[in-house]
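Participant:
Protein chains in written order, with my numbering: chain A, 1 to 188; chain B, 1 to 188; chain C, 1 to 188; chain D, 1 to 188; chain E, 1 to 188; chain F, 1 to 188.
In structure tokens form, the structure reads like this:
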């Protein structure tokens with residue numbers, strides 16, 4: 001499998017993203033866990049909703065960042081978090097950028113620039129998407145815990161899951177979620 | 001379950017959309033079929049990609065239409081197509097609008113106006129989303145057929161699945177897909 | 001899909017009922033939930049067993065009522081309970097009656113009369129089946145809770161799930177079940 | 001686990017029958033195969049429908065036979081057909097009778113007499129249920145084959161799956177099914 | 001299905017072992033439970049690791065015993081524990097030996113001798129494999145309990161699940177596991 | 001998650017290997033695909049059987065190689081084949097070796113030496129295991145194709161799946177399998 005040649009190729013390959021379960025849940029015993037596609041939709045929806053409350057944000061671009069942020073997992077896989085410790089620094093990021101370029105080859109270069117912006121995480125838009133990426137993780141953890149599904153307590157203890165981007169509505173949602181679940185955000 | 005009161009309520013309830021399988025596939029024997037969330041993501045991605053090729057289209061609004069177009073299924077269910085014959089004219093549309101209003105109660109009225117625009121289907125943006133809704137259906141059918149999963153032939157025979165919206169890049173994709181699968185679009 | 005023309009058509013279509021999961025469990029995170037067919041079998045078995053203890057009951061007819069009580073979901077879907085709030089009064093009942101007539105077209109009109117009797121719920125036989133429909137729901141909730149599967153507590157709080165039909169062996173079973181699970185029946 | 005002591009015990013234990021997949025399908029690669037409960041419901045429905053067309057049949061008793069015919073699999077398991085070759089003659093039947101007696105202990109002895117009648121297979125009612133047990137098997141095989149699910153061709157070649165009970169409506173259905181699937185009944 | 005004739009037949013038939021779920025978990029509501037193949041791999045791995053710590057043990061033969069210990073379930077099924085009460089004494093053992101002989105027909109008689117040694121359970125090697133068979137059961141129970149999956153408490157109360165073979169590293173692991181889970185081994 | 005400290009830690013962590021589906025099947029639409037554990041068991045069984053036919057082979061060590069060959073996927077994931085193109089040369093091998101060392105930390109260094117021997121692939125034992133790794137892949141592909149499950153044709157066209165190790169019984173099995181499936185081995 002090399003670079004996609006037509007939009008039809010792209011759209012067809014992307015259908016398979018639905019079959020990639022999020023590895024963090026798989027490895028902790030969640031039955032029938034969320035797919036990468038499902039995760040992506042929720043992040044996107046949250047970015048869209050929250051974007052309206054953030055003056056100065058380019059909401060349309062933030063939505064686009066969310067749209068492309070996890071596509072590369074189609075070819076690189078949704079590596080378990082532990083994998084990061086065993087690969088050379090930066091190898092995963094480079095692999096994802098290369099995979100994305102081939103998956104989205106027929107698309108204007110815009111998609112790749114968006115992906116790079118997301119990876120760098122410097123702009124407000126990228127920071128919002130990255131924060132929502134974690135917020136959605138913790139929302140799903142809360143839902144799975146209410147369903148009695150999986151051993152997920154350690155997610156609440158990991159400061160990486162509670163980024164502190166200084167974006168007030170996101171900060172508030174993290175606080176509200178922890179309160180509703182009777183949890184405390186870990187010290188970062 | 002009444003109207004959601006906070007954004008946190010909205011985001012949590014929406015997580016459950018991942019557990020609603022698309023009924024058309026369920027009833028035709030597809031194993032582990034697409035969820036409503038997955039369908040929605042793909043429609044949205046296609047709208048985003050194709051929107052760039054459509055001069056005069058408000059791409060950001062088209063993306064928003066895609067974002068809300070199926071949310072009501074959370075509370076109304078993904079009714080099988082046959083159900084439409086047994087309910088009074090318009091009952092399903094009215095039910096979806098009412099459900100959406102309660103699901104998205106904490107959101108500005110914009111979400112409901114978008115949903116109404118989608119249901120009416122009059123604007124170019126709504127027509128694009130509706131066409132992509134069917135295009136994604138047929139893409140997934142093609143994927144499932146390549147996987148040997150489900151009895152899906154009748155989808156190719158139903159003219160409703162091949163809308164003729166006069167939007168060139170969409171028309172082209174329908175034609176390309178049918179050609180690649182060795183099928184012919186049914187006469188509308 | 002229109003009216004079935006032969007018994008063979010009926011029997012084949014009904015096989016698909018096995019793939020329709022009960023929506024109340026799906027939406028509350030039960031993994032691999034009961035199908036409509038499974039629910040129907042249990043209701044029927046309970047009606048058969050309890051029917052023997054009810055003097056004056058036409059047990060054979062009660063069994064028949066149980067047999068047809070949920071078939072229409074094949075074409076109407078197993079709508080989530082919330083859907084009832086968004087459809088016009090009576091629309092669901094009318095849709096189910098119409099769907100049943102088409103599903104069971106080759107059968108003598110008896111099937112439709114049974115279904116109507118069930119929907120009206122006036123006879124002792126219909127009241128027994130309706131009570132067992134809920135009793136089976138709560139039995140399954142108890143089983144799923146013992147398995148740690150799903151967020152089902154709200155079922156115990158809904159008086160609709162504990163009908164008070166004045167049929168002593170059913171009343172007793174509701175009481176025994178609640179006692180065994182350490183629950184209290186909600187005030188009706 | 002010994003004999004059930006109350007009806008509540010019986011009803012609760014029976015819920016688990018939904019988790020026992022039919023082994024014949026499991027071993028031939030059908031994804032998400034029918035449960036024993038689902039099989040039982042379909043047999044029962046067919047017996048009810050066909051019973052009306054059989055003068056001289058005690059339809060209510062035939063329905064009862066169908067109701068109990070596979071319950072013992074709760075404790076004995078749904079043994080693969082091959083298992084029959086490795087157990088002593090009659091061991092499976094005896095085990096099922098013993099298991100049924102304990103599962104249904106709180107029920108009047110009627111249930112056990114029905115089960116014995118089914119196992120003996122001498123009465124018209126028992127012959128009808130046994131024939132429907134196989135007819136339902138082949139109906140499901142036809143459905144799974146239409147879905148592209150599993151390697152099921154050998155079922156069509158096994159004369160045991162096409163009993164010749166001389167019950168005209170059943171014989172007709174076997175013939176119609178084979179014709180519709182383009183198959184030939186194996187010589188018995 | 002009779003005796004396999006070639007190694008290719010053996011290897012192909014064994015692939016199906018992956019679809020046989022362990023019945024003890026199925027019947028207690030574990031979602032997506034372990035297959036017989038998975039159980040076998042873990043037993044084998046533990047025997048290999050522990051074998052090194054047991055002076056006088058023929059480690060290679062112990063590994064071989066583990067390799068064949070559950071293969072017969074391919075044709076006999078993974079009978080629920082309750083089934084043992086309803087079959088004649090020794091019937092299950094005899095059935096498994098007969099099935100194994102046919103499954104592994106193209107293999108040198110060694111395989112059957114190993115299986116007999118395992119069933120007799122007299123040698124140190126067989127006793128180690130039998131102890132690991134239970135140790136793995138309880139490890140998996142502990143994992144499923146940590147995941148909130150299934151009603152498994154009774155496993156901790158059954159002395160049969162805690163054999164006392166006098167093999168120090170195994171005894172230690174049983175003790176460590178119980179301690180970690182806050183359980184007490186039942187008196188044997 | 002760092003290095004395991006006790007054997008109990010190792011055995012518990014390894015249970016999770018059962019939840020890691022083989023990515024090649026997932027991405028090609030196989031329903032309920034083989035886990036890494038299941039794959040490993042089959043490779044091991046084949047190595048054991050074939051090892052007996054190979055004079056000069058250290059069969060016990062070959063079995064050990066098979067036992068450890070895929071364990072690292074617990075922490076690195078079962079990366080899709082495409083991932084190999086996007087990571088630096090050798091990164092995956094290095095990651096797997098590092099992960100294995102931590103997973104099996106309480107085991108004597110033997111396990112790590114075995115893993116290194118497998119990765120180098122120079123000895124007869126390692127070559128046998130590597131060949132069986134692919135042979136099992138193609139056996140499963142053949143089984144899934146007979147079940148109508150997944151789009152797997154491309155596996156037959158990839159020479160990497162048909163290694164030519166010059167080990168006669170393995171070569172013969174590849175030839176027999178291709179013949180039985182009506183396929184031709186691709187030119188290497």
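All C-beta atoms, glycine included, are put in the ideal place defined by N, C-alpha and C.
The structure presented is a predicted model; accordingly, all values stated were derived computationally and were not measured.
Going by C-alpha to C-alpha distance, which of E:93, E:61 and E:39 sits closest to residue 134 of chain E?
Facilitator: That would be E:39, whose Cα lies nearest to the Cα of residue 134 of chain E.
Participant: Taking only runs that begin and end inside the region 41-72 of chain A, name each unbroken beta strand (DSSP E) of 3 or more residues, in chain order.
Facilitator: Runs found: none.
Participant: Among residues of its own chain, excluding the 5 on either side of residue 29 of chain D, which ones have a beta-carbon nearer than 6 Å to its beta-carbon?
Facilitator: Result list for residue 29 of chain D: 150 and 151, in chain order.
Participant: Closer than 9 Å between beta carbons: that is the criterion. Which residues of the region 4-29 of chain C meet it against chain B?
Facilitator: Those would be 16, 19, 20, 21, 23, 26, 27, 28 and 29, in chain order.
Participant: Can you list, in chain order, the residues of its chain whose CB lies under 6 Å from that of residue 18 of chain B, leaving out five sequence neighbours each side?
Facilitator: So the list reads 35 and 37, once near-sequence residues are dropped.
Participant: If you measure between the beta carbons of residue 83 of chain C and residue 129 of chain C, is that distance less than 8 Å?
Facilitator: Going by C-beta atoms, residue 83 of chain C is not nearer than 8 Å to residue 129 of chain C.
Participant: Any idea if residue 148 of chain A is buried or exposed, counting beta-carbon neighbours within 10 angstroms, 16 or more meaning buried?
Facilitator: With 16 or more Cβ atoms within 10 Å of its Cβ, residue 148 of chain A is classed as buried.
Participant: Return no unless some Cβ of chain A is closer than 8 Å to the Cβ of residue 69 of chain B.
Facilitator: No - not a single Cβ of chain A is within 8 Å of the one on residue 69 of chain B.
Participant: Rounded to the nearest angstrom, what separates residue 192 of chain D and residue 155 of chain E at their Cα positions?
Facilitator: The requested residue 192 of chain D does not occur in the structure, where chain D is confined to residues 1 to 188.
Participant: Does any residue of chain E bring its CB to less than 8 Å from the CB of residue 149 of chain C?
Facilitator: At least one chain E Cβ lies under 8 Å of residue 149 of chain C.
Participant: Would you call the CB atoms of residue 136 of chain D and residue 43 of chain D closer than 8 Å?
Facilitator: Cβ distance < 8 Å, so residue 136 of chain D and residue 43 of chain D count as in contact.
Participant: Would you say the beta carbon of residue 106 of chain D comes nearer than 7 Å to a heavy atom of the ligand GTP?
Facilitator: The ligand GTP is not part of this structure, which contains no ligands at all.
Participant: Threshold first: 4 residues or longer. Then list the alpha helix (DSSP H) segments lying entirely within the region 100-187 of chain C, N to C.
Facilitator: Correct list: 110-120, 124-146, 153-157 and 168-180.
Participant: Tell whether a beta-carbon distance below 8 Å holds between residue 15 of chain B and residue 183 of chain A.
Facilitator: No. Outside cutoff.
Participant: At which residues does the alpha helix (DSSP H) containing residue 7 of chain C begin and terminate?
Facilitator: Start and end: 7-15.
Participant: Which residues of chain F have a Cβ atom closer than 8 Å to the Cβ of residue 31 of chain D, listed in chain order?
Facilitator: Going along chain F in sequence order, the residues near residue 31 of chain D (Cβ under 8 Å) are 31, 32 and 149.
Participant: So, is residue 93 of chain C buried or exposed, given that buried needs 16 or more other C-beta atoms within 10 angstroms?
Facilitator: With fewer than 16 other Cβ atoms within 10 Å, it is exposed.
Participant: Whose Cβ in chain D lies nearer than 7 Å to the Cβ of residue 37 of chain E?
Facilitator: In chain order: nothing, as chain D lies at least about 13 Å away.
Participant: If residue 157 of chain F sits next to residue 187 of chain F, beta carbons under 8 Å apart, how far is it from one beta carbon to the other, in whole angstroms?
Facilitator: Actually they do not touch by this definition, with Cβ atoms about 10 Å apart.
Participant: Applying the 10 Å Cβ sphere with the 16-neighbour rule, what's the burial state of residue 80 of chain E?
Facilitator: Residue 80 of chain E comes out buried.
Participant: Grouping DSSP H, G and I as helix and E and B as strand, with all else coil, what is residue 23 of chain B?
Facilitator: Residue 23 of chain B falls in the helix class under three-state DSSP.
Participant: Please work out which residues of its chain come closer than 7 Å, Cβ to Cβ, to residue 27 of chain C, disregarding the five sequence neighbours upstream and downstream, and give them in chain order.
Facilitator: Result list for residue 27 of chain C: 80, in chain order.
Participant: By how many angstroms is the C-alpha of residue 50 of chain C removed from the C-alpha of residue 143 of chain C?
Facilitator: Their backbone Cα atoms lie some 21 Å apart in a straight line.
Participant: Using 8 Å as the cut-off, can you tell me whether the region 103-118 of chain E makes contact with the region 104-122 of chain D, which would need three or more C-beta pairs spanning the two stretches below that distance?
Facilitator: Result no; under three Cβ-Cβ pairs closer than 8 Å.
Participant: What do you reckon, are the CB atoms on residue 4 of chain A and residue 99 of chain A nearer than 8 Å?
Facilitator: Going by C-beta atoms, residue 4 of chain A is not nearer than 8 Å to residue 99 of chain A.
Participant: Who are the near neighbours of residue 59 of chain F in its chain, counting only those whose CB is closer than 6 Å to its CB and skipping five residues on each side?
Facilitator: Only 51 meet the Cβ criterion.
Participant: Near residue 177 of chain A, what residues of its chain come up, given a Cβ to Cβ distance below 7 Å and the 5 sequence neighbours on each side ignored?
Facilitator: Taken in chain order, the residues that qualify are 138, 139 and 142.
Participant: How many Å lie between residue 56 of chain A and residue 97 of chain A at the Cα?
Facilitator: In a straight line, the C-alpha of residue 56 of chain A is about 28 Å away from that of residue 97 of chain A.
Participant: Within 10 angstroms of the Cβ of residue 24 of chain D, are there 16 or more other Cβ atoms? Answer buried if so, exposed if not.
Facilitator: So residue 24 of chain D ends up on the buried side.
Participant: Please list the partners that residue 146 of chain B has in chain F, where partner means a Cβ-to-Cβ separation under 8 Å.
Facilitator: Those are 29 and 151, listed as they occur along chain F.
Participant: Taking the alpha carbon of residue 131 of chain F as the point to measure from, which residue in F:91, F:86 and F:69 has its own alpha carbon closest?
Facilitator: Nearest option by C-alpha distance: F:69.
Participant: Using a Cβ-Cβ cut-off of 8 Å, state whether residue 111 of chain D counts as contacting chain E.
Facilitator: No, because no Cβ of chain E sits closer than 8 Å to the Cβ of residue 111 of chain D.
Participant: Here's the rule I'm using: 16 or more other beta-carbon atoms within 10 Å means buried, otherwise exposed. How should residue 95 of chain A be labelled?
Facilitator: Buried is the call here.
Participant: Is the separation between the beta-carbon of residue 78 of chain F and that of residue 22 of chain F shorter than 8 Å?
Facilitator: For residue 78 of chain F and residue 22 of chain F, yes; Cβs fall inside 8 Å.
Participant: Select from D:174, D:168 and D:169 the residue whose C-alpha is nearest the C-alpha of residue 162 of chain D.
Facilitator: The option with the nearest alpha carbon to residue 162 of chain D is D:174.
Participant: Is any beta-carbon of chain A found at less than 8 Å from that of residue 170 of chain B?
Facilitator: Residue 170 of chain B does not count as touching chain A.
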